[in-house]
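Quick note on numbering: the sequence shown equals residues 240 to 411 in the working numbering. Glycine included, every Cβ here is placed at the ideal spot set by N, Cα and C. As the structure is a prediction and not an experimental result, all values here were calculated from the model. First comes the structure, then the notes that go with it.
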Amino acid sequence: NLHTMKNTFSFHRFGLLLRHYTMSDFKRHLRGPIGLYFGLLVIYLMVYYEPSTKGLRGGMTEFELTNMATGITLLVAFCSFFVYMASCFAGLHTRQKRTAFLILPATTMEKYLSCTLFAFLNWFVALNLAVVCADLTRLALFPLMGHGFESILPSFYSAPFDYVNLVLAATE
């Protein structure tokens, strides 16, 4: 039985490992979206505060301001992806947790793939949740201070497709 476990990939064991990651160290998994939310909210406050209270200056349009906020959001998304992947095994900081992880009945490849998939899914959900909540908070706060600006969500979700279209147009 041990010989077949070393040579085959089992989706059942893979699913059990994903469930293990979900249940273990739950507080650490909640800190990611909260940290991303507050980080993005501070960035949005810095980007939109002056244009909201004093108006747009220097010939900048609302479209350019939204694109700037979207670019900064994408940079935060890119950096946070690496943070999530690097913290994949951060929950194994004690000897007891490392030992428990090593004796899980799964192959090494299953352990690493499940951890990587869990970190990616956790990042994706946390990022989307943080972007939507931070933008909705900004949309609620800024009309109280002066001029409110449109949501960055359409720009944020269309940016990857716009980039692909630019690359495809450049290769033709």
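Classification of residue i by the beta-carbon crowding that lies within 10 angstroms, buried from 16 upward
| i | result |
| --- | --- |
| Arg296 | exposed |
| Arg267 | exposed |
| Val406 | exposed |
| Ser291 | buried |
| Ser397 | exposed |
| Thr261 | exposed |
Where the alpha helix (DSSP H) containing residue i begins and where it ends
| i | result |
| --- | --- |
| Arg337 | 334–341 |
| Met299 | Note, Met299: premise wrong, no alpha helix (DSSP H); not H, not E. |
| Gly414 | What the structure shows of the chain is the stretch from 240 to 411, and residue 414 is not part of that stretch, so it cannot be assessed. |
| Ala408 | 392–410 |
Beta-carbon proximity list for residue i, same chain, < 6 Å, skipping 5 on both sides
| i | result |
| --- | --- |
| His242 | Note on His242: pLDDT 46, under 50, position unreliable in the model; no value is reported. |
| Ile311 | Ile282 |
| Leu392 | Asp374 |
7 Å CB neighbourhood of residue i in its chain, flanking five on each side removed
| i | result |
| --- | --- |
| Phe328 | Cys354 |
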